[in-house]
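Report on one structure; see the data block that follows.
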Amino acid sequence: MIYDVVHRTTYRYEEPVDLSYHVMRVLPRVLPTQRILRAGTIVTPAPVRVQDGTDYFGNAVTHMSLEEPHAELVVDARALVEVRAAPVPDADATPAWETVRDALDGGGLPVETQAVEFVRASPMAAIDDAVRDYAAASFRPGAPLLACLLDLNKRIRNDFTFDPRATNVATPVADVMQMRRGVCQDFAHAMIAGVRAMGLAARYVSGYIRTYAPQGQIRRQGADASHAWVSVFVPGAGWIDLDPTNDLVVGEEHVVLGWGRDYGDIAPIRGVILGGGAHRLDVSVDLKPVSDEDQA
Amino acid sequence: MEDLRLNRAAPSDADATAPPFDEMVTGAGQIRSHWQALMGALRTLAPGAMAERMERARRQYDENGVTYNVFAESRQPQRPWQFDLIPLPVPAEEWRDIEAGLVQRANLLERVIADVYGPQSLIRERLMPPALVQANPAFLRACHGIKPANGAPHLHFYAADIARGRDGRWRVCADRVNAPSGAGYALENRNVLMRTLPEFFQSANVRRLTPFFELWQTALAQLAPRARENPRIVLLTPGPYSETYFEHVYLARQLGLTLAEGADLTVRNAKLYLKTLGGLQQVDVVLRRLDEDYCDPVELRPESAIGVAGLVDAVRAGNVTIANALGAGVVETPAMMPFLPGLAKHLLGEELLMPSVETWWLGQRAVLEEVAGRLDDYVIRPCFAGDMLEASVVGAQLDAPRRRHLLERLRAAPHRYVAQARMHKSAMPVWTQNGLVPRPLLMRCFLIRHEGGYVPMPGAMTRVAADDNGFDISMQRGGAAKDTWIIQHEHAPIVVRPRASAAREPLRRSAGELQSRLADNLFWLGRYTERLDNAARLMRACLMRAPAGGSSAREIAEFQVLAGMLAARGLIERPIGGLPDGRAMAEALGHACGPEGGLSHLFQALQRIAPTVRDRLSADMWNVVNEQVRDARLRFESQPGDLDRLLEGMDYTIGVCAAFHGMAAENMTHGSGWRFLDLGQRIERASHGVSVVHDVFAASGQGAEPWLRLLLEVSDSAITYRTRYMAAVQPAPVLDLVLCDETNPRAIAYQLRQIETHLCELVRRDVRAYSQPEQRIARAVLAGIELFDVERVGSTFDRAAMAALDALLGDTRARLSDLSEAITRAYFSHVKTAQSIGYEIGPAAEPRP
Numbered sequence: 000m001i002y003d004v005v006h007r008t009t010y011r012y013e014e015p016v017d018l019s020y021h022v023m024r025v026l027p028r029v030l031p032t033q034r035i036l037r038a039g040t041i042v043t044p045a046p047v048r049v050q051d052g053t054d055y056f057g058n059a060v061t062h063m064s065l066e067e068p069h070a071e072l073v074v075d076a077r078a079l080v081e082v083r084a085a086p087v088p089d090a091d092a093t094p095a096w097e098t099v100r101d102a103l104d105g106g107g108l109p110v111e112t113q114a115v116e117f118v119r120a121s122p123m124a125a126i127d128d129a130v131r132d133y134a135a136a137s138f139r140p141g142a143p144l145l146a147c148l149l150d151l152n153k154r155i156r157n158d159f160t161f162d163p164r165a166t167n168v169a170t171p172v173a174d175v176m177q178m179r180r181g182v183c184q185d186f187a188h189a190m191i192a193g194v195r196a197m198g199l200a201a202r203y204v205s206g207y208i209r210t211y212a213p214q215g216q217i218r219r220q221g222a223d224a225s226h227a228w229v230s231v232f233v234p235g236a237g238w239i240d241l242d243p244t245n246d247l248v249v250g251e252e253h254v255v256l257g258w259g260r261d262y263g264d265i266a267p268i269r270g271v272i273l274g275g276g277a278h279r280l281d282v283s284v285d286l287k288p289v290s291d292e293d294q295a
Numbered sequence: 000m001e002d003l004r005l006n007r008a009a010p011s012d013a014d015a016t017a018p019p020f021d022e023m024v025t026g027a028g029q030i031r032s033h034w035q036a037l038m039g040a041l042r043t044l045a046p047g048a049m050a051e052r053m054e055r056a057r058r059q060y061d062e063n064g065v066t067y068n069v070f071a072e073s074r075q076p077q078r079p080w081q082f083d084l085i086p087l088p089v090p091a092e093e094w095r096d097i098e099a100g101l102v103q104r105a106n107l108l109e110r111v112i113a114d115v116y117g118p119q120s121l122i123r124e125r126l127m128p129p130a131l132v133q134a135n136p137a138f139l140r141a142c143h144g145i146k147p148a149n150g151a152p153h154l155h156f157y158a159a160d161i162a163r164g165r166d167g168r169w170r171v172c173a174d175r176v177n178a179p180s181g182a183g184y185a186l187e188n189r190n191v192l193m194r195t196l197p198e199f200f201q202s203a204n205v206r207r208l209t210p211f212f213e214l215w216q217t218a219l220a221q222l223a224p225r226a227r228e229n230p231r232i233v234l235l236t237p238g239p240y241s242e243t244y245f246e247h248v249y250l251a252r253q254l255g256l257t258l259a260e261g262a263d264l265t266v267r268n269a270k271l272y273l274k275t276l277g278g279l280q281q282v283d284v285v286l287r288r289l290d291e292d293y294c295d296p297v298e299l300r301p302e303s304a305i306g307v308a309g310l311v312d313a314v315r316a317g318n319v320t321i322a323n324a325l326g327a328g329v330v331e332t333p334a335m336m337p338f339l340p341g342l343a344k345h346l347l348g349e350e351l352l353m354p355s356v357e358t359w360w361l362g363q364r365a366v367l368e369e370v371a372g373r374l375d376d377y378v379i380r381p382c383f384a385g386d387m388l389e390a391s392v393v394g395a396q397l398d399a400p401r402r403r404h405l406l407e408r409l410r411a412a413p414h415r416y417v418a419q420a421r422m423h424k425s426a427m428p429v430w431t432q433n434g435l436v437p438r439p440l441l442m443r444c445f446l447i448r449h450e451g452g453y454v455p456m457p458g459a460m461t462r463v464a465a466d467d468n469g470f471d472i473s474m475q476r477g478g479a480a481k482d483t484w485i486i487q488h489e490h491a492p493i494v495v496r497p498r499a500s501a502a503r504e505p506l507r508r509s510a511g512e513l514q515s516r517l518a519d520n521l522f523w524l525g526r527y528t529e530r531l532d533n534a535a536r537l538m539r540a541c542l543m544r545a546p547a548g549g550s551s552a553r554e555i556a557e558f559q560v561l562a563g564m565l566a567a568r569g570l571i572e573r574p575i576g577g578l579p580d581g582r583a584m585a586e587a588l589g590h591a592c593g594p595e596g597g598l599s600h601l602f603q604a605l606q607r608i609a610p611t612v613r614d615r616l617s618a619d620m621w622n623v624v625n626e627q628v629r630d631a632r633l634r635f636e637s638q639p640g641d642l643d644r645l646l647e648g649m650d651y652t653i654g655v656c657a658a659f660h661g662m663a664a665e666n667m668t669h670g671s672g673w674r675f676l677d678l679g680q681r682i683e684r685a686s687h688g689v690s691v692v693h694d695v696f697a698a699s700g701q702g703a704e705p706w707l708r709l710l711l712e713v714s715d716s717a718i719t720y721r722t723r724y725m726a727a728v729q730p731a732p733v734l735d736l737v738l739c740d741e742t743n744p745r746a747i748a749y750q751l752r753q754i755e756t757h758l759c760e761l762v763r764r765d766v767r768a769y770s771q772p773e774q775r776i777a778r779a780v781l782a783g784i785e786l787f788d789v790e791r792v793g794s795t796f797d798r799a800a801m802a803a804l805d806a807l808l809g810d811t812r813a814r815l816s817d818l819s820e821a822i823t824r825a826y827f828s829h830v831k832t833a834q835s836i837g838y839e840i841g842p843a844a845e846p847r848p
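Respectively, the protein sequence lines represent chains C and S.
The first sequence runs 0 to 295 under numbering that gives the first Met the number 0.
The second sequence runs 0 to 848 under numbering that gives the first Met the number 0.
Next comes the structure, spelled out in structure tokens:
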């Protein structure tokens with residue numbers, strides 16, 4: 000499936016900003032399951048410096064700075080991306096979760112070093128008893144790893160209520176666990192903390208999901224949103240993406256921007272401004288499926 | 000994971016029966032040979048001499064402002080420097096071994112840091128556990144992949160705390176890598192000891208410290224990413240609230256660096272600049288004393304207000320070198336220690352020369368279980384930076400429930416803890432009133448990287464414990480610092496390396512690059528000291544008229560005018576109405592001078608701003624603005640309501656302000672820093688003068704003689720008037736003296752003339768005269784006063800004359816306020832507040848229906 004993704008971020012400042020510095024992670028990452036046909040950002044006003052690179056986790060990152068006074072900053076990130084579904088192993092054939100846990104802890108099976116990084120609690124995915132106890136219910140002794148993870152994925156979809164007013168970007172996992180409410184980011188963090196509490200590896204994935212207009216309506220442009228889900232490490236199969244917000248195994252309807260330990264590692268646009276006073280932020284995302292003819 | 004199995008970091012020091020090693024005396028009771036000269040010198044001192052020398056040394060530390068924790072909020076007592084005058088001598092052969100061990104360790108740590116921020120092959124090959132990096136908050140992911148420009152090392156300056164165990168071996172107790180402190184204190188300890196006990200040095204051949212600092216200077220210059228004759232190097236400090244700020248100021252002076260706070264620096268197009276009055280000046284090298292995660296709010300801690308936005312990007316672009324490199328602190332964790340012997344073999348092909356104190360990392364299950372079984376032998380410490388506030392736990396001191404609780408905590412996050420053997424540190428003598436007593440010691444050694452290798456300072460900062468419990472030694476816990484002597488053989492030549500750039504320094508008359516922030520703060524220091532002076536003078540005048548039974552009507556009227564002035568300045572809450580009695584008066588003024596009063600606010604403002612310009616003030620000026628201002632404040636706050644005490648306090652305060660301004664005039668070079676201090680003072684005095692004249696004339700109407708006397712008194716011009724005019728007090732001469740006379744340093748015209756001169760001197764020579772807005776305002780306001788016809792006012796003093804005077808004063812007042820703003824716009828960085836953005840909203844996709 001090919002998607003035309005437009006992600007527009009607009010900052011409107013009450014007073015002019017004299018200087019600003021930004022770190023952006025708004026271009027999709029190249030993956031075995033994801034081909035980037037075209038991608039680029041347009042920033043208005045024009046930055047004095049734009050430097051593209053790769054961050055510690057291998058995500059595409061852009062550093063930029065603006066040095067002329069501006070009252071509005073618009074970042075348009077646009078990409079044409081081809082996505083294929085990754086093969087999903089037979090859940091019952093995956094190793095027992097305890098075996099994987101022990102391997103990650105340094106005994107037994109050799110594992111990728113980079114998976115170890117995603118076993119420990121991270122700043123926005125703190126582990127406490129509540130999240131540990133909640134997750135533990137999905138990990139029966141000796142059960143196959145992926146079966147446990149799919150169960151947890153489903154329970155979060157069922158037990159948690161979508162409520163954008165309940166949380167903000169910095170709400171800790173502990174609060175989310177108590178309220179059982181939040182948005183995709185909260186559900187992802189809760190699942191990550193739970194998986195890690197079991198001694199397993201989970202990372203946070205930032206990206207987009209295809210949406211469907213309700214029956215009889217036309218897709219509204221720009222009405223999509225950034226999305227977040229979880230990637231779990233399954234020895235033999237590698238990383239498998241699970242979407243606890245929708246109880247899905249990620250197929251060809253998600254576009255990956257990048258990943259990190261939690262949201263803090265992969266926030267789309269972050270920065271420091273000098274001046275500016277109060278500001279308003281608008282984000283619009285449009286994920287449009289493109290047929291091959293359209294593309295040509 | 001076999002190759003990660005338990006690694007004994009050190010031969011154990013656990014022979015519990017052996018006594019601690021004695022640095023001075025052998026087991027046979029003999030004084031060791033390298034102590035004999037020193038002890039001989041000590042014996043020749045007259046009885047009581049040591050006490051006197053201690054006192055002399057204390058005075059020197061005080062005078063030089065050596066403190067460990069300087070708090071600008073001065074009610075917090077500054078901790079005086081704790082020291083002991085008996086140095087620790089180290090014989091040459093022993094020092095050679097210490098040097099070799101520390102040089103090797105610095106090389107090793109440098110290689111480890113380079114790997115952690117590069118290929119990470121040590122983790123992949125399991126030579127160290129991944130958690131030491133990945134779970135370590137000192138690992139800065141934003142800095143991964145950055146190589147210091149121009150082949151510079153990550154680890155430029157390294158310090159190690161070492162101690163000697165009962166077996167006589169030195170061990171490393173802590174590696175200091177992030178932003179090590181202490182080298183400046185070590186130098187100051189040496190300087191003070193040389194001045195207070197010169198006889199100690201006569202028979203000993205002690206290696207000098209200064210060549211090390213000269214070498215450091217060259218080494219820093221070599222870090223510059225671009226070839227430059229005179230690279231610009233700044234010492235980045237968190238500012239006066241830092242507990243080692245004294246050392247930052249001291250080192251900056253010693254190494255010839257510009258002391259800069261985050262607000263003095265700015266990044267433009269990935270280059271680092273210093274904001275100065277002369278514009279932006281590119282910075283090549285930063286000697287960093289700011290903790291690394293605070294250095295850049297864009298890529299490191301977003302909440303940091305003391306860093307420089309964009310700094311990481313500037314480093315990544317290779318335009319500036321930071322020493323130590325951002326992220327180097329990752330190897331500071333004691334959890335590294337057990338793995339160093341293996342790393343030394345792997346990376347250097349060598350055995351680790353100097354062991355670490357016996358340390359176990361609990362992140363491996365087998366290790367944790369073994370330690371759990373022998374908890375009595377260990378201290379359990381958190382090993383990662385963010386957790387360091389969590390207290391260490393001494394296993395042997397735990398009862399059973401606490402022990403269980405600790406083990407639970409360890410099992411929940413074992414990778415965050417180490418177990419360290421308690422080390423029985425060696426002891427050396429400390430001088431006390433009751434003679435010499437032995438105290439355990441810890442020695443901090445320093446190394447710099449120079450031309451590809453590490454060079455140790457031939458000396459150290461040795462600290463001794465406050466008591467003879469040999470486990471915890473730190474300045475925070477009341478320890479004392481000592482000089483450390485590296486004894487050299489008679490014939491060893493003193494190698495003084497010449498500075499790399501032998502080019503002669505051209506003579507300079509000004510620094511020319513005063514930071515805008517400092518100019519701003521000096522300006523306000525000038526304003527606040529003058530404001531304090533003015534307030535004290537008004538209050539004194541008021542106090543002297545304190546209504547009593549016999550007060551005349553005139554005295555009471557004058558008192559009312561003065562009280563009105565105080566109220567207008569916010570120094571008392573409201574004018575004192577009617578015929579006040581002494582008690583009401585004492586209450587109002589007592590409150591004004593009390594902890595919440597207007598005068599107290601002035602003191603606070605002064606005490607906040609003074610430390611920010613401390614390195615621009617001489618020791619004497621600092622003493623006045625620090626100690627004496629505090630004294631003055633305490634005088635008021637200790638005796639509220641006692642009128643005589645208040646009067647004395649006012650006299651004292653006025654004296655303090657006079658001392659400060661006198662020293663500014665006489666002791667500061669009359670460069671741009673002084674000009675801004677003086678500008679602040681002049682603008683403040685002119686504004687004050689204008690309102691005093693206005694208030695007095697408004698009260699007196701016709702300019703009656705008693706009122707004119709009051710004006711002369713408050714303007715501190717009474718004596719001048721008397722010598723010029725004898726007794727006759729008339730409006731015209733009084734106005735001339737306080738308003739227009741450019742030779743009277745209290746007159747408004749005098750202030751304006753000075754202001755104009757400063758503003759002309761500050762502007763570059765090639766600019767047309769009066770081309771700048773602030774210069775034009777200054778000229779205009781002075782011209783207004785100069786052109787005012789005092790004679791006409793004086794001879795008639797009718798309503799028209801009064802109106803003319805009113806207009807002049809109103810106009811002058813408005814223009815002075817414009818002037819202050821124009822100066823602010825022209826010169827002060829006027830740092831807009833930085834704010835972090837991008838944390839407002841996260842992804843919020845709805846679940847599909």
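Beta carbons: idealized from backbone N, C-alpha and C, even for Gly.
Exercise. Any idea what DSSP makes of S283/C, helix, strand or coil?
Worked result: strand
Problem set entry | Candidates L79/C, P234/C, H188/C: closest to V130/C by CA position | H188/C
For this session: Could you spell out the range, first to last residue, of the beta strand (DSSP E) harbouring F635/S?
Result: It is not in any beta strand (DSSP E) - F635/S instead sits in the alpha helix (DSSP H) that spans 628 to 637.
Exercise. Which stretch, first to last residue, makes up the beta strand (DSSP E) that contains Q280/S?
Worked result: 278 to 281
For this session: Tell me A663/S's beta-bridge partners as DSSP assigns them.
Result: Paired residue(s): none; A663/S is not in a bridge.
Problem set entry | Backbone CA spacing between S19/C and V282/S [nearest angstrom] | 20 Å
Exercise. Is W706/S near G64/S, with beta carbons less than 8 Å apart?
Worked result: no
Exercise. By DSSP, does C172/S sit in helix, in strand, or in coil?
Worked result: strand
Problem set entry | Distance, D96/S Cα to A173/S Cα | 18 Å
Exercise. By Cβ distance, which residues of its chain are closer than 7 Å to D185/C, with the 5 residues on each side in sequence left out?
Worked result: T166, T170, V175
Exercise. For P27/C, which residues in chain S fall below 8 Å Cβ to Cβ?
Worked result: None at all; the shortest Cβ gap to chain S is about 14 Å.
For this session: Compare the Cα-Cα distances from R83/C to each of V168/C, R7/C, P31/C, Q216/C and report the closest residue.
Result: P31/C
Exercise. Among residues of its own chain, excluding the 5 on either side of S391/S, which ones have a beta-carbon nearer than 7 Å to its beta-carbon?
Worked result: V378, I379, R380
For this session: With 7 Å as the limit, tell me which residues of the stretch 286 to 302 of chain S have their beta carbon closer than that to any beta carbon of chain C; keep them in chain order.
Result: P296, V297, E298
Problem set entry | Helix, strand or coil at S180/S [DSSP, three-state] | coil
For this session: Output the boundary residues of the beta strand (DSSP E) element that contains H6/C.
Result: 1 to 23
Exercise. Closest to A556/S by CA distance: which of D817/S, S686/S, A698/S is it?
Worked result: A698/S
Exercise. Straight-line CA distance for M456/S to H488/S?
Worked result: 17 Å
For this session: Have a look at A159/S, L121/S, E586/S and flag the residue whose alpha-carbon is nearest the alpha-carbon of V171/S.
Result: A159/S
Problem set entry | Nearest to G278/S (by Cα), restricted to the options E512/S, H423/S, A45/S | E512/S
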